[in-house]
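In the working numbering, the protein residues as written are 931 to 1043.
Below, the structure written as structure tokens:
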């Protein structure tokens, strides 16, 4: 019985860690989307001659777009794997909790009241 409870405690700690990892993935996703949008906007401004053209700004805008896409793709894979691990850990925890023979408090006990 104590082994099952220890396993449940370990799974709950893992679930908390995976949830924190998913939150980091969400933040990285937002940052990479912002980098793509900002880089694309700056790139468009450069191509339309709204801002003065410079090689450094061109390379920076292009790098932001490409880097944002790469980060978004890499993060999406990590996000999917982490979400799958989280669902598996939650299912295992539910299975362990279901395997414990629980009794309803108050059954078969007479009280003075």
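Note that beta-carbon positions come from the ideal geometry of N, C-alpha and C, so glycine has one too. As the structure is a prediction and not an experimental result, all values here were calculated from the model.
Item	Value
Rounded C-alpha distance that separates residue 955 from residue 963	12 Å
Among 1029, 1030, 1024, the one whose alpha carbon lies nearest that of residue 941	1024
Per-residue DSSP class, three states only, for residue 1027	helix
Residue 958 (DSSP reduced to helix, strand or coil)	helix
Contact under 8 Å by Cβ, residue 1030 with residue 1001	no
Nearest neighbour of residue 939, chosen from 1034, 1022, 1035, 1033 [CA to CA]	1022
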